[in-house]
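Note that the protein sequences, when read in sequence, are chains A and B.
Just so it is clear: in the first sequence, position 360 is 360 by full-length UniProt numbering, and no numbers are missing.
Just so it is clear: in the second sequence, position 18 is 18 by full-length UniProt numbering, and no numbers are missing.
Beta carbons are placed, not taken as given, at the ideal position from N, Cα and C, and that holds for glycine.
Inspection log for the structure reproduced underneath, given as structure tokens.
Number of protein chains: 2
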Amino acid sequence: MPDATPSPDATGEAGPLAGLRVLELGHFVAAPFATRLLGDLGAEVIKVEPPQGDPVRQWGARHQGHAPWWSVHARNKRCITLDLKKPEAREIVLGLISHCDALVENFRPGQLDRLGLTRDALLAARPDLVIARISGYGQDGPGRDKPAFGVIGEAIGGLRHLTNHPPGSTDLPPVRVGVSLGDSVAGIYAALGVVAALWRRERRGGGSAAEVDVALTESVFSLLEGALPEFGTLGSIRQPTGGGIPTAAPTNAYRARDGIWVLIAANSDPLFRRLAALMGQPSLAEEPRFADNQARVRHVAALDAMIGAWAAGIDGSVLEGLLEDAGVPATRAFTIADCAADPQFRARGMVREVEDPLHGTMLHPGVVPRIDGRSPPPRSTGPQIGADNEAVLTGLLGLDAAGIAALRESGVV
Amino acid sequence: MPDATPSPDATGEAGPLAGLRVLELGHFVAAPFATRLLGDLGAEVIKVEPPQGDPVRQWGARHQGHAPWWSVHARNKRCITLDLKKPEAREIVLGLISHCDALVENFRPGQLDRLGLTRDALLAARPDLVIARISGYGQDGPGRDKPAFGVIGEAIGGLRHLTNHPPGSTDLPPVRVGVSLGDSVAGIYAALGVVAALWRRERRGGGSAAEVDVALTESVFSLLEGALPEFGTLGSIRQPTGGGIPTAAPTNAYRARDGIWVLIAANSDPLFRRLAALMGQPSLAEEPRFADNQARVRHVAALDAMIGAWAAGIDGSVLEGLLEDAGVPATRAFTIADCAADPQFRARGMVREVEDPLHGTMLHPGVVPRIDGRSPPPRSTGPQIGADNEAVLTGLLGLDAAGIAALRESGVV
């Protein structure tokens with residue numbers, strides 16, 4: 001049974017950003033993810049797509065002819081089509097902008113200018129507009145015009161170097177994180193920037209436009225903790241450490257008998273004593289080479305091998321149970337199936353059943369961050385191409401049926 | 001030459017969040033990162049530490065007796081000490097709260113209640129307070145009290161399963177991303193939630209308290225793109241794909257002669273033609289097995305082997321130059337040294353020299369997101385323990401020297 005069909009939640013309120021209207025001139029992941037987060041928090045989002053649709057509509061697996069991802073990626077959005085190369089489209093965008101608080105875009109830097117949607121034109125339409133621009137490398141600087149590819153940006157941000165086994169331990173390449181991490185993190189930062197600029201506008205009583213500039217490379221680079229200040233003071237270059245942590249042991253993934261990887265974090269003296277006892281070798285915790293964290297870090301290879309040999313004799317779910325009973329923090333590396341079944345995710349609405357007209361009952365992730373204890377279901381799922389053309393063009397711009405038909409005939413919408 | 005010493009920037013404005021005051025009851029990474037982001041955007045942050053200091057002061061490498069990370073992690077913050085177990089501390093916190101717009105904390109769920117800092121007490125001190133709580137699993141649900149370890153949370157969020165080579169290709173464990181990704185992403189979400197709730201408060205004209213609840217597990221889980229809706233509709237379980245992307249080829253990291261990993265993203269037909277020509281094998285792009293992306297994905301192992309063999313004969317920097325000249329998106333996997341030297345990061349103030357009284361001239365990362373084209377230097381670097389006790393207790397609470405001395409004697413500060 002679905003726990004909710006798309007609708008405002010029981011309080012009748014869409015979230016803290018209710019009352020905010022955002023225009024998305026976005027495609028792929030970063031800008032659409034930013035507006036999805038704003039929509040999740042209650043903002044009204046109008047997404048502009050080319051008449052052939054955002055490519056993400058076709059990305060990943062298909063179900064009943066549609067990408068399931070789209071249901072989530074475009075939820076709480078109204079989708080309209082516009083061929084931005086047509087002169088009429090520019091006027092429509094500027095008309096919509098006059099009704100919006102913010103614009104989020106991820107065209108290549110300068111591209112909107114070339115389409116006539118300059119900063120001046122946008123601010124003439126809406127003087128207190130907040131414009132958020134997401135790009136590979138930022139809106140200025142010598143590298144701004146390089147083509148933006150996620151895997152390239154993540155590597156320039158310094159993350160790819162770190163997602164690897166220690167130097168010399170394998171010939172395999174450093175792994176990709178497995179998701180478009182840079183795009184998503186850039187999207188969260190863009191949402192933060194939009195809301196911060198809008199807070200300032202409210203605080204000042206209006207009239208305060210702003211421009212938010214988020215680079216994929218810089219979003220990734222922002223995650224590197226102490227790496228830059230340590231390099232700047234000491235010249236030390238952080239290196240990858242595989243499954244472990246360079247300053248703590250034991251903490252790693254160990255393969256159980258049935259092939260499941262189980263994370264075990266026993267990197268304090270009391271936790272390690274519990275683990276050693278569970279392994280049937282309580283004296284390990286007394287040996288000088290394993291007696292404290294510093295010693296364990298020095299002998300981590302031997303330690304990991306012993307824990308690995310022990311884990312390899314036990315099935316993953318049994319191993320998880322033993323570790324939980326012993327009070328040692330541990331978990332299997334969750335697949336999406338494990339996430340979907342997790343009681344905590346389910347209890348907090350982070351995995352929820354939703355009715356989608358294109359798919360039937362399906363699963364959506366919940367809203368992060370949760371605000372006021374509410375876990376609102378989506379108000380709508382990702383719509384079909386141009387589904388909201390009439391509603392938006394009539395509702396906001398006052399076009400009549402004949403006007404919309406003319407736009408359709410000339411290929412503008 | 002440092003490009004700036006800590007000070008407000010030339011416009012005299014600290015950022016869009018100037019005028020906002022935030023109290024941090026945080027430690028380790030997540031809550032302090034959230035407040036660092038708010039401080040970077042102009043908020044005034046007061047951080048409360050136990051008298052022995054936040055453990056991060058000792059984390060990672062040391063330079064002149066101090067962790068360089070601290071200079072960044074606590075920049076733009078005023079640091080005061082309080083032993084929260086002492087009854088007097090509770091009154092001081094509530095007194096400070098009355099002067100603050102928001103509180104960010106990452107104690108275990110319920111811990112602040114046990115210290116007498118209940119929601120009711122906090123709201124009595126400041127009726128329109130925004131409270132952001134960051135935890136491993138969230139503030140409610142059957143799993144809220146499990147101990148929170150970053151590596152465990154990231155695995156439960158579904159990311160660790162994906163940071164691996166394809167099943168069967170290695171016995172090595174899935175890698176850790178190399179940074180505390182879950183903590184950092186949770187921190188960004190918390191900052192977003194705080195500002196969203198404060199926007200609502202301003203919009204409503206005040207009086208609107210809020211509680212923001214961010215879980216590390218859920219923050220990671222939010223990054224999984226289409227994995228959940230695909231599982232929910234099709235039952236498909238996303239699997240790790242090593243250095244590549246399952247739906248595009250060639251895109252991977254290839255090791256140059258000098259051991260440097262170079263990312264090459266030539267996964268469109270025109271890009272692959274350029275790469276094949278550069279490799280001296282233009283006919284590759286005409287072979288049926290490599291003629292389009294679908295075919296290349298099917299034969300990706302053979303393709304990666306050929307590109308790898310070619311790359312292995314050329315030094316990394318030469319390879320980068322050849323690929324750039326040929327118009328094929330590529331980059332080495334940046335180490336922190338590469339990041340620090342990058343002209344684009346330098347031009348945009350993302351790598352900047354800063355004067356720190358504890359370290360001298362050092363490197364700080366810049367502010368993400370950039371707003372209004374400004375890249376403000378930090379107003380201050382991470383201070384020593386209790387550096388702001390007098391200023392804050394006198395300035396906000398009106399304590400005199402004798403009162404502060406008494407608190408110090410009784411171990412409260």
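### Within chain A, partners of L228 of chain B - CB distance below 8 Å
V72, I336, C339, A340, V351, L363, H364 and P365
Q) Between the beta-carbon of P288 of chain A and the beta-carbon of W261 of chain B, is there less than 7 Å? A) no
CA-to-CA distance, V214 of chain A to H161 of chain B, given in whole angstroms
29 Å
- DSSP state of N293 of chain A, grouped into three classes? helix
Next item on the list: List the whole-angstrom C-beta distance separating R36 of chain B from H73 of chain B, where the pair is believed to meet the contact cut-off of C-beta under 8 Å.
Entry: 6 Å
Out of curiosity, what's the CA-to-CA distance linking E353 of chain B and L363 of chain B?
5 Å
### Task
Can you tell me which of A:S380, A:V22, A:S317 and A:D338 puts its alpha carbon nearest to the alpha carbon of A256 of chain A?
A:S317
Rounded to whole angstroms, how far is the Cβ of I92 of chain B from the Cβ of L82 of chain B, which I believe are closer than 8 Å? Correct: roughly 6 Å between the Cβ atoms.
Item checked: Residue of B:D128, B:L25 and B:Q344 minimising C-alpha distance to residue 474 of chain B -> Outside the displayed range of chain B (1 to 413) lies residue 474 of chain B, so it cannot be described from this structure.
Return no unless some Cβ of chain B is closer than 7 Å to the Cβ of H63 of chain A. So yes, H63 of chain A belongs to the interface.
TODO: Please classify P365 of chain A: does DSSP put it in a helix, a strand, or coil?
DONE: DSSP places P365 of chain A in strand when its eight states are reduced to three.
Q | Proximity test, Cβ basis, 7 Å: P109 of chain B and chain A | A | no
Is it true that the CB of T381 of chain A sits closer than 7 Å to the CB of R75 of chain A? Less than 7 Å divides the Cβ of R75 of chain A from the Cβ of T381 of chain A.
| According to the neighbour-count rule (16 or more other Cβ atoms, all chains shown, within 10 Å of its Cβ), is A312 of chain B buried or exposed? | exposed
Practice task
Look at the Cβ atom of M350 of chain A, then the Cβ atom of E154 of chain B, and state whether they are nearer than 7 Å.
Solution key: no
Check your understanding: Using the beta-carbon of each residue, which ones in chain B are nearer than 8 Å to P240 of chain A?
Key -> V175 and G178
Are the beta-carbon atoms belonging to V45 of chain A and V29 of chain A less than 7 Å from one another? no
- Task: Mind checking the segment 207 to 228 of chain A against chain B and listing, in chain order, the residues whose C-beta falls within less than 7 Å of any C-beta there?
- Result: A210, E211, V212, D213, V214, E218, S219, F221, S222, L223, L224, E225, G226, A227 and L228
Next on the checklist: With a threshold of 7 Å on Cβ separation, who are the neighbours of N267 of chain B within its own chain once the five nearest residues in sequence on each side are excluded?
Outcome noted: Only A248, A249, P250, T251 and N293 meet the Cβ criterion.
Query raised in the report: List, in order along the chain, the chain B residues whose C-beta lies closer than 8 Å to that of S236 of chain A?
Result: A61
Taking three-plus beta-carbon pairs below 8 Å as touching, is the segment 135 to 150 of chain A in contact with the segment 219 to 234 of chain A?
no
task: Check whether the Cβ atoms of L284 of chain A and A277 of chain A sit closer than 7 Å, and answer yes or no.
output: No, the Cβ-Cβ distance between L284 of chain A and A277 of chain A is not below 7 Å.
What residues from the segment 307 to 322 of chain B come within 7 Å of chain A, judged by C-beta to C-beta, listed N to C? Cβ contacts with chain A: none found.
Is V163 of chain B buried or exposed, if buried means 16 or more other CB atoms sit within 10 Å of its CB? A quick correction: the sequence has Thr, not Val, at residue 163 of chain B. Classification for T163 of chain B: buried.
- Message: DSSP three-state label for S184 of chain B, please.
- Response: helix
### Task
Quick one: using the 10 Å Cβ neighbour count with 16 as the cut-off for buried, is Q64 of chain B buried or exposed?
exposed
Measuring straight from C-alpha to C-alpha, what distance separates Q111 of chain A and E105 of chain A?
Looking at the two C-alpha atoms, the distance is approximately 10 Å.
_T233 of chain B: contacting residues in chain A (beta-carbon distance under 7 Å)_ = Residues of chain A with a Cβ closer than 7 Å to the Cβ of T233 of chain B are, in chain order, H63, P68, H359 and M362.
Terminal residues of the continuous alpha helix (DSSP H) containing T35 of chain B?
Under the DSSP assignment, T35 of chain B falls in the alpha helix (DSSP H) whose first and last residues are A30 to D40.
Report task. Establish whether the CB of S184 of chain A and some CB of chain B are separated by less than 7 Å. Result -> yes
- Message: Between the alpha carbons of L303 of chain B and Y254 of chain B, how many angstroms are there, rounded?
- Response: 11 Å
- Query: Does E13 of chain B get closer than 7 Å to chain A when you measure Cβ to Cβ?
  - Reply: no
Using a beta-carbon distance cut-off of less than 8 Å, what residues from the segment 149 to 164 of chain B approach chain A? F149, V151, I152, A155, I156, G157, G158, L159, R160, H161, L162, T163 and N164
Problem set entry | Cut-off 7 Å between Cβ atoms - residues of its own chain near D171 of chain A, not counting five sequence neighbours on either side | The answer is none, since no qualifying residue turns up.
Next item on the list: Give the straight-line distance between the Cα atoms of A305 of chain B and H299 of chain B, rounded to the nearest whole angstrom.
Entry: 10 Å
- Counted within 10 angstroms of its Cβ, other Cβ atoms place Q344 of chain B as buried (16 or more) or exposed: By the neighbour-count criterion, in which a residue is buried when 16 or more other Cβ atoms sit within 10 angstroms of its Cβ, Q344 of chain B is buried.
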